[in-house]
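Residue numbers 86 to 266, in my numbering, belong to the letters of the sequence shown in order.
Here is the structure we will look at.
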Amino acid sequence: MIPSKVLRFLILVPIFLGGCVWIEDVSDLRSFVAQEKQKKVAKVEPLPEFKPYHSFVYEGASMRSPFKPLISIITIDTEEGATAGADSGIKPDIDRERTYLETFSLDNLSMVGSINMSANGSRWALIKDKKGEVHRISVGDYMGLDYGKVVAVNSDNVELIEIVTNGRGGWMRRPRSVVMD
Numbered sequence: 086m087i088p089s090k091v092l093r094f095l096i097l098v099p100i101f102l103g104g105c106v107w108i109e110d111v112s113d114l115r116s117f118v119a120q121e122k123q124k125k126v127a128k129v130e131p132l133p134e135f136k137p138y139h140s141f142v143y144e145g146a147s148m149r150s151p152f153k154p155l156i157s158i159i160t161i162d163t164e165e166g167a168t169a170g171a172d173s174g175i176k177p178d179i180d181r182e183r184t185y186l187e188t189f190s191l192d193n194l195s196m197v198g199s200i201n202m203s204a205n206g207s208r209w210a211l212i213k214d215k216k217g218e219v220h221r222i223s224v225g226d227y228m229g230l231d232y233g234k235v236v237a238v239n240s241d242n243v244e245l246i247e248i249v250t251n252g253r254g255g256w257m258r259r260p261r262s263v264v265m266d
């Protein structure tokens with residue numbers, strides 16, 4: 086019986102010696118290399134040039150959040166001082182019959198003139214609606230969609246106080262004016 090080491094050696098020696106065969110004629114190999122060198126080589130385009138990355142450091146993290154108010158929100162009542170909260174006691178007169186000029190937004194109304202009543206010192210304003218009709222108003226009349234009551238009629242503008250929602254379930258007064266074109 087042949088030991089296993091000798092058997093392995095006898096099997097591996099012919100495999101190693103098979104790779105050491107010398108070939109005298111290599112002309113076919115040289116002709117193949119010459120043919121491959123004559124073929125056109127495709128040009129490889131260079132890699133695009135990348136701009137260097139410039140880092141940015143955000144410095145606003147230590148600043149105030151833009152979503153938080155600067156101060157607590159206080160609504161101003163022009164007649165009774167400052168009021169805050171949902172129920173300020175201000176509310177529109179819903180039972181009152183609305184006038185024709187209360188069907189238009191203040192953006193659709195414009196002042197086209199004024200009439201001075203010299204006998205009692207009062208003044209009327211001439212207001213033009215979006216239909217082109219002219220209406221006469223004086224102090225105490227209403228106009229606009231937000232329960233606007235006229236408080237002053239000047240030669241070049243009409244001042245009024247609107248009653249609008251304050252966003253917290255209550256109402257607040259807001260001064261507005263309609264100026265002459």
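From the three backbone atoms N, C-alpha and C, an ideal C-beta is built for every residue, glycine too.
A quick note: this is a predicted structure, and the numbers were derived from the prediction, not measured.
Selection I96, S140, D180, V238 evaluated against G225 yields V238 as nearest (Cα-Cα).
At a cut-off of 3 residues, the continuous stretches assigned as beta strand (DSSP E) that sit fully inside the segment 183-250 are 195-201, 208-213, 219-222, 233-238, 242-250. If you look at R259, you'll find it in the beta strand (DSSP E) that goes 256-264. Considering only F101, V142, L191, L114, the residue with the shortest C-alpha distance to K213 is L191. Boundaries of the alpha helix (DSSP H) harbouring S112: 112-123, taken from the DSSP string. Of all C-beta pairs linking the segment 217-234 to the segment 244-253, three or more are shorter than 8 Å, placing the two stretches in contact. Taking R221 as reference, the option from S199, S173, L230, R253 with the minimal CA-CA separation is S199.
Under a 10 Å Cβ-count criterion, V243 is classified as buried, with 16 or more other Cβ atoms of the shown protein chains found around its own Cβ. For the options D241, F189, K128, the alpha carbon positioned closest to that of R208 is the one of D241.
Per DSSP, reduced to three states, the secondary structure at I100 is helical. M265 and K216 have their alpha carbons spaced roughly 17 Å apart. DSSP places F135 outside both helix and strand once states are collapsed to three, so it counts as coil.
Contact annotation: Y143 and E187 have beta-carbon atoms that are not nearer than 9 Å. DSSP, reduced to helix, strand and coil, places S150 outside both helices and strands of the structure shown, so it counts as coil. Of all alpha-carbon atoms in M196, N201, G254, the one lying nearest the alpha-carbon of S262 is that of M196. A Cβ-Cβ separation of about 6 Å places R258 in contact with I175 under the 8 Å criterion. Only exposed fits A204, as fewer than 16 other CB atoms lie within 10 angstroms of its CB.
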